[in-house]
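This report concerns only the one structure given below.
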């Protein structure tokens, strides 16, 4: 919890420093990618999902200046992840739902006339729910540090295409561990 407080303090300090030189500019974005999930069973073995769903993220941001922005978003999936029940000791295939809300400071550096590198540092409230195990069903939430990095290609002054990697943290429930990482492509619109 102390790491989360420190990360939040750094975000507030940097945001305040950038606000003095603010160039008002808001943006929204959407990113999509494959959803890959895994959980550890009671024996500590990793069990991966055996169906395909799409992971998505929607976000809004406010650029404090050319290099820093404050951003908030929601990451979810278009359906539930299905896991092999036999490997988890269940008679049926359990299903999982995952999501995260996040708030972050986004730093951007131009590396060309139309290409930017960016990174995010913030906190995410992860939610993971597993059902179909009967008495072993569980729902767990946790606030964890989140990290992200990516590349943006500015198509115009208002539109950019993005490729990004993000880590929303790990949450645990007993012996089980849930990790939410994403690789996505997207589009961002400035206003």
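Residue numbers (this note's numbering): 15 to 205.
Glycine residues also receive a C-beta, built at the ideal position from the N, C-alpha and C atoms.
message: Per DSSP, what are the beta-bridge partners of residue 182 in this structure?
response: Residue 182 is not bridged to any residue.
query: Taking Cβ to Cβ, would you say residue 176 is nearer than 8 Å to residue 169?
result: no
- request: With DSSP collapsed to three states, give me the class of residue 80.
  value: coil
Member of 132, 156, 133 whose CA lies at the smallest distance from the CA of residue 143: 156
- request: Output the distance between the C-alpha atoms of residue 48 and residue 39, rounded to the nearest integer angstrom.
  value: 30 Å
Those runs of the beta strand (DSSP E) which lie wholly inside the segment 116-186 and span at least 3 residues: 129-145, 152-168
- prompt: Is there contact between the segment 53-65 and the segment 94-111, where contact requires at least three CB pairs shorter than 8 Å?
  reply: yes
- prompt: For residue 35, which of helix, strand or coil comes out of DSSP?
  reply: Only weak support is given to the placement of residue 35: the predicted model assigns it a pLDDT of 42, under 50, and the value that follows is read from those uncertain coordinates. The answer is coil: DSSP assigns residue 35 none of H, G, I, E or B.
Rounded straight-line distance, which links the Cα of residue 109 to that of residue 37: Low per-residue confidence applies at residue 37: pLDDT is 49, beneath 50, and the placement is therefore not dependable, though the value from the model is reported in the following sentence. Going by the C-alpha atoms only, they are around 45 Å apart.
message: What residue range does the beta strand (DSSP E) around residue 61 cover?
response: 60-62
- request: Answer yes or no: does any C-beta atom of chain C fall closer than 8 Å to that of residue 91?
  value: The structure shown contains no chain C, having only a single protein chain.
query: Alpha carbon to alpha carbon, how far is residue 77 from residue 148?
result: 47 Å
field: Residue closest to residue 105, alpha-carbon to alpha-carbon, out of 119, 195, 146
entry: Per the Cα distances, 146.
- prompt: If residue 178 sits next to residue 163, beta carbons under 8 Å apart, how far is it from one beta carbon to the other, in whole angstroms?
  reply: The pair is a contact, with the Cβ atoms about 7 Å apart (cut-off 8 Å).
query: Based on Cα-Cα distance, which residue from 200, 184, 160 lies nearest to residue 71?
result: 200
- prompt: Relative to the alpha-carbon of residue 124, which residue among 139, 133, 185 has its alpha-carbon at the smallest distance?
  reply: 133
query: Residues in its own chain within less than 6 Å of residue 89 by CB, not counting five upstream and five downstream?
result: 71, 114
query: Is the Cβ-Cβ distance between residue 159 and residue 137 less than 8 Å?
result: yes
message: Judging by CA-CA distance, which residue of 107, 91, 131, 127 is the nearest neighbour of residue 196?
response: 91
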